[in-house]
Structures are given as C-alpha cells and as structure tokens.
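Following: one structure in structure tokens, then a few remarks.
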Amino acid sequence: MVHVAGSKVALKAAVAAVCWASNRIDVFRTGTAKNDLQHKWWDGSKWGGFESLGGTLESVPTVSSWGKDRLDVLALGTDSAAWHINWNGNQWSAWDSHGGIFTSSLHVTSWSKDRLDYFGIGTNAACYHNVWSGSSWSDYESLSGVFTSEVTSTSWGKDRLDLFGLGTDSGCWHNWWNGNKWGGWENLGGTFTSAIVSTSSEENHLVAVGRGTDSAYWHNTWDGSRWSGWKSLGGAFTSEPSIVSWGPGRYDIFGIGTNGDMYQKYSTSGGNSWSSSWGNLGGTLVSAPTAVSWGKNRLDIFALGTDDKVWQKYWDGSRWGGWVSIG
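For the record, in the sequence shown the residue sitting at position 283 is 283 according to full-length UniProt numbering, with numbers rising by one throughout.
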C-alpha cells in the first residue's frame, strides 16, 4: 500500500459510513478475524447488529449511495484487485471483481442517480478511474500523475468531480471533471503528512483539508473562482482529518489529538472563518474519525477505540451525546 509522506504516518480511518436518507446510517468495517466486510445500520430508532457480508479484504472499504435504499461498497481483495458489492433495497449482491492491481485504498463518489466514480493508485503510482453509468462498469482509465497517497474525491453537483492526492513533493495535486473532460493535475502546493480530504456545502464551493509537517491541520477553500491558499487551523493531530457539511456554508472538521481524544473545529462562513479553538470531544481512539450527516444540524462521528470496537458520538443540534460503543 502507498504511504503518505513524512516520518510519522497519520492514523487512517478504519470505518466507512454513509447516509442515504434522513435518520439512516450504514456503517462498514473489516472484520478482525476473517478480514470480511462487516455492516451495521441505524434505522431511525436503533442499531442493527453487525452482519458479515463475506469477502476477504486487504483495505478499508469505501461506500457511496446514489439514491434511497442503494449502497455500493468497494475494497481491495487479497489479489490487490478492486472488489464490489451492492445493496439494491432488498438484498446484497454477490462480490464481483473489477480487476486491476492497486497499491492504495479506493475512494468512491456519486454525483447523481445511478452514477458512481471510483479511484485508486496503480503499481505505476498513477491514478486510475472506473465508472458505473447505470448499466455497466467502464474499463479502467489512467488519469496519470505520480502519487504517494490515495486519491480522494468529492462532488459539488451533477457532472462535477474534484480529486486530491499527494505527489512525490508531498504537495497537494488537484484534478477536476467538468462534465466533458478532465482539467489535468494542478499543484495546489503545501507539504502534507496525511491524505487530503474534502467536501462541499453547496454548488461551486469546496474545502480541502490535510495534516501538515507541523501536525496541524491546513485548509484550502474554493469559492467558485479561485483557491484561497493553504491556511493553518492549528492543533496537533496524529490522524488524517475528516470533514463534513450539513448545510450551506457549514463545515465541521474532526481529528485525533496526541492524547487520543477527538477534536472538532467548525465554520459557518464557508471556510472563511473558523471557531476560535479546537473543541475536545473526548474518547480514547486509535483510528482517524469518519463523520457523516443525515440532515440539518445533525452530525455522527465514528472511530475505533482501544478495544477495536466502533465508537459513535452524535450532535443533535443542541448538544453532543456521549461516546457509545456500537460493537
């Protein structure tokens, strides 16, 4: 697997989560004994138990939903190929191999109904891309580049994709799909020791975040016409960040501090200004956080604890709940 630059590799996420409807969360992780795919869901009132979906996985899963009651999960198998499984509203499919040989975890994004795009790093360190267009998967397309981290993806609207990865210079490189063609890799600079993560709160707006060589988080904002340049959010983190948005102009960033606690910083101005200090959310955690939102003023965060269980904490619009083990 590829590793991010720097002498101290950032903790990575071990849990994948997605929301396909209000008050619905699906959580995935690899099993501790068999490396199978484990799935758990929140139905609006309670958590179901973890169920095994089989497989023998060599990477953390990535998951996306292109519509109500639809889930697509991808991960690397023991052959380093991409493997895929989906939920169609009634049942899980069998695992199917998409082939390829990857040296990074995969990252999948959906920008409309019946559309999926996923990305991974090949043995030549280039980024490769595969598409589900509603009826079939494409062949792999090389997007070139030379990367030392996984390439992550996000979408701010129909027919739009933005990609971020670390180059051999430890800087952030960005590529975008505008509906007709790829823009090509551009260097956004910076020097990072974690993968870059990003999200969008509204059309034509993005915030990207990564951990710098000083262990602080740094962010860069796209306002529709230009990038702001990298600005420090401070802090001292052992993990890559997680970023999520629940409404226009709202961004929440989470990370694991040097004491194993979870920390949060937020913006209500589209990333122009941020809360003055990092809020300590507690916990004793050993993986990077995974944050999702199923509606306005709602946040759910997940990470592994020292017991190798998945722990959850939520924001309900007025207060944070306590950390709860969901198994």
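Here a beta-carbon is modelled for each residue, glycine too, at the ideal position from N, C-alpha and C.
For the beta strand (DSSP E) holding residue 303, just list the boundary residues, first then last.
-> Here residue 303 is taken as the residue at index 303 of the sequence shown, counted from 1. Taken as a continuous stretch (DSSP letters only), the beta strand (DSSP E) holding residue 303 covers 299-304.
Whose C-alpha, out of 297, 239, 65, 182, is nearest the C-alpha of residue 257?
-> On the sequence shown, residue 257 is found 257 positions in, with the first residue counted as 1. Comparing Cα-Cα distances from residue 257 to each of 297, 239, 65, 182, the minimum goes to 239.
8 angstroms contact criterion, which residue 168 and residue 148 should meet: CB distance rounded | Reading the sequence shown from its first residue, position 168 is the one you call residue 168. Reading the sequence shown from its first residue, position 148 is the one you call residue 148. Right, the Cβ-Cβ distance comes to about 6 angstroms (below 8 angstroms), so this counts as a contact.
Residue 196 to residue 52, Cα distance in whole Å?
-> For the purposes of this step, residue 196 is identified with residue 196 of the sequence shown, where counting begins at 1. For the purposes of this step, residue 52 is identified with residue 52 of the sequence shown, where counting begins at 1. About 30 angstroms.
Can you pull the DSSP bridge partners for residue 163?
-> As a working note, residue 163 is residue 163 in the sequence shown. The beta-bridge partner set that DSSP reports for residue 163 consists of 153, 175.
Out of curiosity, what's the CA-to-CA distance linking residue 49 and residue 135?
-> Start at 1 with the first residue of the sequence shown, and residue 49 comes out as number 49. Start at 1 with the first residue of the sequence shown, and residue 135 comes out as number 135. Take the alpha-carbon of residue 49 and the one of residue 135: they are about 32 angstroms apart.
Range of the contiguous beta strand (DSSP E) that encloses residue 221 = In the sequence shown, residue 221 corresponds to position 221, counting from 1. For residue 221, the enclosing beta strand (DSSP E) stretches over residues 217-222.
Mind checking whether residue 177 and residue 185 have CB atoms under 8 angstroms apart?
-> The residue you call residue 177 lines up with position 177 of the sequence shown. The residue you call residue 185 lines up with position 185 of the sequence shown. Against a cut-off of 8 angstroms, the Cβ pair of residue 185 and residue 177 comes out as no contact.
Might you give, ordered along the chain, the residues of its own chain that have their beta carbon closer than 7 angstroms to the beta carbon of residue 308, omitting 5 neighbours on each side?
-> Along the sequence shown, one-based indexing puts residue 308 at 308. Around residue 308, the same chain offers 32 as residues with beta carbons nearer than 7 angstroms, after the five sequence neighbours per side are excluded.
Complete beta strand (DSSP E) runs within the segment 180-220 (minimum length 3 residues, chain order) | For secondary structure counted as the beta strand (DSSP E) over 3 or more consecutive residues, the segment 180-220 holds these complete runs in sequence order: 186-189, 197-202, 205-211.
Relative to the alpha-carbon of residue 42, which residue among 318, 317, 292 has its alpha-carbon at the smallest distance?
-> As a working note, residue 42 is residue 42 in the sequence shown. Closest by C-alpha distance to residue 42, out of 318, 317, 292, is 292.
Would you check if the segment 98-115 and the segment 73-82 touch, i.e. whether three or more CB-CB distances between them fall below 8 angstroms?
-> By the Cβ rule, the segment 73-82 counts as touching the segment 98-115, because three or more pairs are nearer than 8 angstroms.
By Cβ distance below 8 angstroms, which residues in the same chain neighbour residue 242 in space, the five residues on each side in sequence not counted?
-> The residue labelled residue 242 in the question sits at position 242 within the sequence shown. Taken in chain order, the residues that qualify are 13, 197, 253, 254, 255, 288, 289, 290, 291, 301.
Pull up the CB-CB distance for residue 247 and residue 296, whole angstroms please, since I reckon it's below 8 angstroms.
-> The sequence position of residue 247 within the sequence shown is 247, counting from 1. The sequence position of residue 296 within the sequence shown is 296, counting from 1. About 5 angstroms separates the beta carbons of residue 247 and residue 296, which is inside the 8 angstroms limit, making them a contact pair.
Using a Cβ-Cβ cut-off of 6 angstroms (strictly less than) and excluding sequence neighbours within five positions of residue 65, which residues of its own chain qualify?
-> Translated into the one-based positions of the sequence shown, residue 65 becomes position 65. Taken in chain order, the residues that qualify are 18, 20, 71.
Residue of 67, 62, 279, 164 minimising C-alpha distance to residue 76 | Working through the sequence shown from its first residue, we reach residue 76 at position 76. Looking at the Cα atoms, 62 is the closest of the given residues.
Contacting residues, own chain, Cβ-Cβ under 6 angstroms from residue 282 (five flanking each side not counted) = Taking the sequence shown and counting its residues from 1, the one referred to as residue 282 is at position 282. For residue 282, where only same-chain residues beyond five positions count, the Cβ hits under 6 angstroms are 261.
Burial state of residue 27, where buried means 16 or more other Cβ atoms lie within 10 Å = Within the sequence shown, numbered from 1, the residue matching residue 27 stands at position 27. Buried, because 16 or more other Cβ atoms sit within 10 Å of the Cβ of residue 27.
To the nearest whole angstrom, what separates the beta carbons of residue 153 and residue 107, a pair I think is in contact under 8 angstroms?
-> As a position in the sequence shown, residue 153 is number 153, starting the count at 1. As a position in the sequence shown, residue 107 is number 107, starting the count at 1. So it is a contact: roughly 5 angstroms between Cβ atoms.
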